[in-house]
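Below is one structure, written out as structure tokens; comments come after it.
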Amino acid sequence: MADKPPVCDYEGSDYRTRFWEGQGRGYEDQVERVALRRLLPPTGRTLIEIGAGFGRLADEYLGYETVVLFDYSRSLLREAQAVWGHDPRFLFVAGNWYQMPFVSGLFDTMVQVRTLHHAADAPALFAQLARIARPGGRYVLEFANKQNVKAIGRYWLRRQSWSPFTLSPVEFVALNFDFHPRWIRQQLHAARFSPGRTLAVSYFRFAPLKRLLPTRLLVALDGMMQHTGRIAQLSPSVFVVSAHPTIGETAVSDATAVSNTFFACPLCQSPLGSAVNGRLHCPNSVCARQWQVDNGLYDFKEPFA
Ligand SMILES: C[S@@+](CC[C@H](N)C(=O)[O-])C[C@H]1O[C@@H](n2cnc3c(N)ncnc32)[C@H](O)[C@@H]1O
Ligand SMILES: [Zn+2]
């Protein structure tokens, strides 16, 4: 698939220790959880976190019967598995979000936090998510907002060349994009999602402020400020919850999700049966790929055979 969008590869990355643990980001972690709890349906059958990394937010999903932690990085998923592998609710699935290895109409709830900034082709990703979304469910998306106070200030002071007001995504570093909230809503609509409640998050992401004021206070203030997202979004991070495409609009055969299948071949989308000897076999004779299940990790990054 030579024309697949490029992927920001976290294989072998020290993301957890370099970015989170002991790195003074308790404020960011906590305000994201406040926003998530406000938008996430607390219980349900199936939830997927897309780009779950090492499972930082996994403890927010314990009200679900099945939780899929999906990521491109096998090594980060192994870190998540070290913590949650004992819990039968969790599945650890490696793959590329442009080729989701699931049957259509499967997930009640889909979550994406701190990952869209790596999407070179967000519309292609949203199209995949619309396919695996169960009608009636919800998609909670966090994205990096190009129209934030700092970017506006820098632009007005001529310290930044790109305008925070134009709709198109800006790639400020290779494979790192900031998005305009209006553009995101347009793309969600185009993929047949119905974006709704929006929260403006992480206004106090500013090192001197974080040193000066207790985290608890900043989190409480942020919690109040988040509601301003209803009117305007000028924060570095924005959360939006969308209703899934409804029956009739969705191109999927809902039957696939109810017929007791779960995984689908990421290359041809044929529903896959249970694993035999640690492999899932694609039943499509033209495709006929095999996918490995290695020590509890479903691996759809590359075919085993
Ligand atoms: C900045 S980390 C965020 C991890 C987690 N959501 C969190 O907030 O702690 C971005 C994650 O997106 C994943 N990712 C990037 N591109 C991907 C793709 N095409 N398919 C699946 N995962 C991808 C990376 O592997 C990485 O784990
Ligand atoms: Zn196949």
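Numbering (my numbering), first residue to last: 1256 to 1560. C-beta: ideal position from N, C-alpha, C; glycine also. Quick caveat, the model's predicted, so the values are computed rather than measured.
When the distance is taken between beta carbons, is residue j closer than 9 Å to residue i?
i, j, result
"LEU1473", "VAL1286", "yes"
"ALA1446", "ALA1399", "no"
"LEU1393", "ALA1498", "At residue 1393 the sequence reads Arg, which differs from the Leu that was named. Against a cut-off of 9 Å, the Cβ pair of ALA1498 and ARG1393 comes out as a contact."
"LEU1302", "LEU1552", "no"
"GLN1402", "PRO1419", "yes"
"PHE1345", "VAL1366", "no"
"ARG1312", "THR1364", "The question names Arg, but residue 1312 is Leu in the sequence shown. The answer is no: Cβ separation not under 9 Å."
"LEU1371", "PHE1427", "no"
"TYR1282", "ARG1460", "yes"
"THR1453", "VAL1395", "no"
"LEU1380", "ALA1388", "no"
"LEU1384", "CYS1263", "no"
According to DSSP, simplified to helix, strand and coil, what is residue i?
i, result
"GLY1407", "One detail in the question is off: residue 1407 reads as Ile in this sequence, not Gly. In the structure shown, ILE1407 sits in a helix (DSSP, three-state: H, G or I)."
"GLN1367", "strand"
"THR1516", "coil"
"GLU1504", "In this prediction, GLU1504 scores a pLDDT of 49, lower than 50, which makes its location untrustworthy; the coordinate-derived value is nonetheless stated afterwards. Of the three classes helix, strand and coil, the one that applies to GLU1504 here is coil, per DSSP."
"PRO1526", "strand"
"TRP1339", "helix"
"VAL1289", "helix"
"PRO1390", "strand"
"LEU1354", "One detail in the question is off: residue 1354 reads as Gln in this sequence, not Leu. Reduced to three states, the DSSP call for GLN1354 is coil."
"PRO1463", "helix"
"TYR1553", "strand"
"THR1483", "helix"
"ALA1257", "For ALA1257, the predicted model reports a pLDDT of 46, less than 50, meaning its position is unreliable; a value from the coordinates is still stated below. ALA1257: coil per DSSP, three-state reduction."
"LEU1443", "helix"
"TYR1316", "helix"
Would you call residue i buried or exposed, if buried means 16 or more other Cβ atoms sit within 10 Å of its Cβ?
i, result
"THR1298", "exposed"
"THR1421", "exposed"
"TRP1339", "buried"
"ALA1335", "buried"
"ASP1326", "buried"
"HIS1444", "exposed"
"ARG1437", "exposed"
"TRP1411", "exposed"
"PHE1309", "buried"
Worksheet entry | Contact the stretch 1312-1326 vs the stretch 1273-1280: 3+ CB pairs below 8 Å | no
Worksheet item: If we count Cβ pairs, one from each stretch, closer than 8 Å, do we get three or more for the stretch 1532-1542 versus the stretch 1515-1523?
Response: yes
Worksheet item: For ligand 2, which residues have a Cβ under 6 Å from at least one heavy atom, in chain order?
Response: CYS1520, LEU1522, CYS1523, SER1525, CYS1537, ASN1539, CYS1542, ARG1544
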